[in-house]
Amino acid sequence: TTCHAMTNSNLDNPAYKVDSKDSVKRAIYSWLWPNTAFFIAPGPKNLGVFQMVPTGPESSLQRWEFYFENEQPTESEQAYLDWTINTLIPEDTALYENVQHGLRSQGYSQGRFVINRNRPEWSEHHVHQFQTLVRDAIMADC
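Okay, so the sequence shown: first residue is -9 according to the working numbering, each after it adds one.
In structure tokens:
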């Protein structure tokens, strides 16, 4: 399941251009239990690593690492880094924080997960799977 479905044909972001000649055509995401994600974005060859490190019951630290084919990022790679660091990460962080704020308010009564059977890429099946893994890990110690 993906959170950000991206291909070089549908990515429309003036800050992050993807050339149709670039080697990576589609975003790929893989998760390593419990808190690490590996991702490849459309564009030149690249690899990103994301870790969410718990620091308390309601807090965490994000760690991001980016790797490219060359030691120094090209102009387009730097534009991708700038977009990710200055736009994508803050937008996602605000989303996570607002979801937690809403859940704590007890004003949301439609269930914990957004499910869209017609558009599973917009659903939270991956969140449910992650929470199931957490529950199973905690219960294994009981």
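Think of the CB as a built atom: it goes at the ideal place given N, C-alpha and C, for glycine as much as any other residue.
| Query | Result |
| --- | --- |
| Per-residue burial, Asn36 [other beta carbons within 10 Å of its own, 16 or more giving buried] | buried |
| Paired residues, beta bridge with Val43 - DSSP | Leu51 |
| Run of the beta strand (DSSP E) containing Trp73, from where it starts to where it stops | It is not in any beta strand (DSSP E) - Trp73 instead sits in the alpha helix (DSSP H) that spans Glu65 to Trp73. |
| Within 7 Å, strictly: CB atoms of Phe133 and Gly38 | Given a span of -9 to 132 for the chain in the structure shown, any question on residue 133 remains unanswerable. |
| Endpoints, the alpha helix (DSSP H) within which Phe133 is located | Nothing about residue 133 can be reported from this structure: the residues present for the chain run from -9 to 132 only. |
| Exposure label - Thr124; buried when at least 16 CB within 10 Å | For the sequence presented, residue 124 should be read as Val rather than Thr. So Val124 counts as exposed. |
| Boundaries of the beta strand (DSSP E) in which Thr26 is found, first to last residue | Thr26 to Ile30 |
| Residue environment, Tyr86, which counts as buried when at least 16 other CB atoms sit within 10 Å | exposed |
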